[in-house]
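Residue numbers (the numbering used here): 4 to 495.
So, in structure tokens, the structure goes:
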């Protein structure tokens with residue numbers, strides 16, 4: 004019996020000896036990986052952010068990990084991330100393949116497509132089309148303000164009571180992007196809307212949760228009926244829903260008279276024909292899904308964070324309301340241009356984005372060729388994780404890096420000032436497509452709601468818990484929100 008045990012241990016030792024992972028020459032330092040598992044056991048796979056912070060303290064702002072046998076480089080701090088994503092963007096703008104999020108989307112769409120002609124063409128088309136449909140112009144404002152009125156009506160019904168806002172802002176943000184893409188919106192009670200949100204939110208938890216890490220690290224388990232399979236089912240359900248909406252949309256379409264983003268894409272399809280173009284209807288459905296993901300989860304999570312802090316710091320909320328009342332006196336509603344006259348409110352909104360760290364690890368990048376970064380050699384195909392959360396609370400970049408304080412965005416004269424390290428949307432050619440839309444949504448929704456309502460923390464709720472829930476996006480833990488109409492003299 005003892006001999007058998009000894010032989011088994013010798014076999015395991017020899018197995019690990021022969022399949023041990025060798026670091027490439029001059030590769031960034033990091034903890035020693037275990038064969039097969041890599042560094043899986045050295046990370047809290049439900050939320051690795053604290054582990055990333057400790058590893059940076061030990062190994063420096065550029066260090067390496069292994070997902071199984073696959074090398075990963077984590078970038079910490081503004082200097083390292085800027086050099087990789089901006090200065091050397093051509094080397095670091097790829098997307099890793101053969102991980103869960105890319106396998107689910109089959110590398111199509113735009114967010115997770117690798118650095119090729121399809122990605123470049125579709126990104127250029129999206130930016131141009133969104134700009135033409137009023138990104139930063141009146142028509143986009145109209146869409147957002149129209150949806151905000153529905154939000155106001157819903158909150159008016161709850162005035163004097165407490166609500167759970169967890170899905171409230173998801174529904175509003177999804178309706179805004181849906182108006183841009185399809186020209187229509189959902190009633191807040193619509194089951195299709197609720198199903199959308201359920202599938203989207205479940206997938207974000209799977210992809211950046213423990214099962215996503217296991218899928219990426221242990222390929223031999225991918226054929227088993229484990230929970231990561233739900234990500235494929237959810238995505239297929241969403242894709243089918245979008246394909247049905249595209250078919251329905253076509254019945255009322257008039258070629259070359261676009262009403263929305265979808266009409267513009269269909270016109271582009273007509274123009275290009277079937278001659279090997281990267282534009283096609285399969286690509287279209289996944290493209291629209293990506294734009295939904297980019298335009299919904301980040302905005303809604305930031306709004307949830309904003310109201311959590313505004314409720315628990317009523318002096319900041321009141322100062323915003325005073326500024327809003329002064330600037331909007333006599334006006335029916337806010338416009339995006341009003342932000343230029345509201346330095347304090349702008350500072351609060353940006354501070355909410357900073358403290359929320361909504362997309363803490365960006366979307367993973369990949370090196371498109373052998374390259375160097377700050378003295379280290381990084382081979383082609385290496386996964387790159389830009390730790391944006393580290394930049395948004397980096398010592399030396401912020402006056403108050405670890406607390407909620409609008410002064411982080413105000414100069415000595417009280418004017419709004421945005422530090423270079425403010426990177427909630429990432430940086431470089433892969434930065435978030437929806438930045439312009441998100442900035443406009445956050446301003447118009449927050450200003451409209453603060454003008455109309457006062458938000459307060461329930462007395463029986465105890466101390467607020469600011470610890471976020473980790474996923475592709477960080478979101479606050481569920482909370483209740485008190486809502487009351489402001490005094491009649493302050494009404495719109």
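Glycine included, every Cβ here is placed at the ideal spot set by N, Cα and C.
Give the C-beta separation of residue 66 and residue 59 to the nearest angstrom, bearing in mind that I take them to be a contact with Cβ-Cβ under 8 angstroms. Working through the chain shown from its first residue, we reach residue 66 at position 63. Working through the chain shown from its first residue, we reach residue 59 at position 56. The pair is a contact, with the Cβ atoms about 7 angstroms apart (cut-off 8 angstroms).
CA nearest to the CA of residue 475, picked from 445, 300 and 311: Within the chain shown, residue 475 is the residue found at index 472, counting from 1. Considering only alpha carbons, the answer is 300.
Are the region 310 to 318 and the region 387 to 396 in contact at 8 angstroms, needing three or more beta carbon pairs? Contact between the region 310 to 318 and the region 387 to 396 is absent, because fewer than three Cβ pairs lie under 8 angstroms.
Is it the case that the region 169 to 187 contacts the region 260 to 271, given that we only count it when at least three CB pairs across the two stretches are under 8 angstroms? yes
For residue 165, collect the residues of the same chain with a Cβ closer than 7 angstroms to its Cβ; drop the 5 residues on either side in sequence, then sort them by chain order. Position 162 of the chain shown, counted from the first residue, corresponds to residue 165. Answer for residue 165: 461, 483, 484 and 485, listed in chain order.
Which runs of the alpha helix (DSSP H), 4 residues or longer, sit entirely within the region 307 to 381? 317 to 331 and 346 to 359
Between the C-alpha atoms of residue 251 and residue 77, what's the straight-line distance to the nearest angstrom? Here residue 251 corresponds to residue number 248 of the chain shown, with the count starting at 1. Here residue 77 corresponds to residue number 74 of the chain shown, with the count starting at 1. Taking the straight line from one Cα to the other gives about 44 angstroms.
My assumption, with CB atoms under 8 angstroms, is that residue 359 sits in contact with residue 304. Please give the rounded CB distance. By 1-based counting over the chain shown, the position of residue 359 is 356. By 1-based counting over the chain shown, the position of residue 304 is 301. With 8 angstroms as the limit, residue 359 and residue 304 qualify as a contact, their Cβ atoms being about 6 angstroms apart.
Please check the pair residue 42 and residue 34, which I expect to be a contact at CB under 8 angstroms, by giving their CB distance rounded to whole angstroms. Indexing the chain shown from 1 puts residue 42 at position 39. Indexing the chain shown from 1 puts residue 34 at position 31. Contact flag correct, Cβ pair sits at about 6 angstroms.
Close-in-space but distant-in-sequence residues of the same chain around residue 489 (CB under 6 angstroms, 5 per side omitted): Here residue 489 refers to the residue found at position 486 when the chain shown is read from its first residue. The answer, listed in chain order, is 457.
So, is the C-beta of residue 405 closer than 9 angstroms to a C-beta in chain D? No chain D appears in the structure shown, which is made up of a single protein chain.
Look up residue 304 in the DSSP assignment and say whether it is helix, strand or coil. Residue mapping note: residue 304 aligns to position 301 of the chain shown, counting from 1. In the structure shown, the three-state DSSP call for residue 304 is helix.
Exposed or buried, residue 131, counting other C-beta atoms within 10 Å across all chains shown (16 or more means buried)? Stepping through the chain shown from its first residue, residue 131 is reached at position 128. So residue 131 ends up on the exposed side.
Using only the alpha-carbon positions, how far apart do residue 372 and residue 383 sit? What you label residue 372 is simply residue 369 of the chain shown in a count that begins at 1. What you label residue 383 is simply residue 380 of the chain shown in a count that begins at 1. One C-alpha to the other measures close to 4 angstroms.
Beta carbon of residue 179 nearer than 9 angstroms to that of residue 298: By one-based count along the chain shown, residue 179 stands at place 176. By one-based count along the chain shown, residue 298 stands at place 295. Contact: yes.
Below 6 angstroms CB to CB, which residues in the same chain sit around residue 56 once its five sequence neighbours on both sides are set aside? By one-based count along the chain shown, residue 56 stands at place 53. Cβ neighbours of residue 56 beyond the five flanking positions: none.
I'd like the list of long-range same chain contacts for residue 472, defined as Cβ closer than 7 angstroms, with 5 residues on each side in sequence excluded. Here residue 472 is taken as the residue at index 469 of the chain shown, counted from 1. These residues qualify, in order along the chain: 478 and 480.
With residue 233 as the anchor, note down where its alpha helix (DSSP H) starts and where it stops. As a first step, residue 233 is located in the chain shown; it is residue number 230 there, counting from the start. Taken as a continuous stretch (DSSP letters only), the alpha helix (DSSP H) holding residue 233 covers 232 to 253.
Here's a check: name, in chain order, each residue in its chain whose Cβ is nearer than 7 angstroms to the Cβ of residue 432, leaving out the five neighbours to either side. As a position in the chain shown, residue 432 is number 429, starting the count at 1. Closer than 7 angstroms at the Cβ level, and outside the excluded window around residue 432, lie 92 and 96.
Based on the DSSP output, what are the partners of residue 164 in its beta bridges? The residue given as residue 164 occupies position 161 in the chain shown. 486, per the DSSP bridge assignment.
Among 158, 72, 142 and 375, which residue has its Cα nearest to the Cα of residue 101? Your numbering for residue 101 matches position 98 in the chain shown. With distances taken between Cα atoms, residue 101 lies closest to 72.
Residue 163: buried (16+ other C-beta within 10 angstroms of its C-beta) or exposed? Taking the first residue of the chain shown as position 1, residue 163 is located at position 160. That one is exposed.
My output table needs one value for residue 390: the three-state DSSP class, helix, strand or coil. Within the chain shown, numbered from 1, the residue matching residue 390 stands at position 387. In the structure shown, residue 390 sits in a strand (DSSP, three-state: E or B).
Nearest-angstrom Cα distance between residue 463 and residue 292? If you number the chain shown from 1, residue 463 lands on position 460. If you number the chain shown from 1, residue 292 lands on position 289. Approximately 40 angstroms, taken between the alpha carbons.
So, are the CB atoms of residue 203 and residue 218 less than 9 angstroms apart? In the chain shown, counting from the first residue as 1, residue 203 sits at position 200. In the chain shown, counting from the first residue as 1, residue 218 sits at position 215. Judged by their CB atoms, residue 203 and residue 218 are not nearer to each other than the 9 angstroms cut-off.
Residue 341 vs residue 210 beta-carbon contact at 9 angstroms: In the chain shown, counting from the first residue as 1, residue 341 sits at position 338. In the chain shown, counting from the first residue as 1, residue 210 sits at position 207. No, these two residues do not count as a Cβ contact at 9 angstroms.
Would you mind sorting residue 32 into buried or exposed? The rule is 16 or more other CB atoms within 10 Å of its CB. Taking the chain shown and counting its residues from 1, one reaches residue 32 at position 29. Its Cβ having fewer than 16 others within 10 Å, residue 32 is exposed.
Would the region 345 to 352 count as touching the region 323 to 335 if we require 3 or more Cβ pairs under 8 angstroms? Yes, the region 345 to 352 is in contact with the region 323 to 335.
Proximity winner among 39, 98, 44 and 147, relative to residue 439 (alpha-carbon distances): Looking up residue 439 in the chain shown gives position 436. The candidate whose alpha carbon is nearest that of residue 439 is 147.
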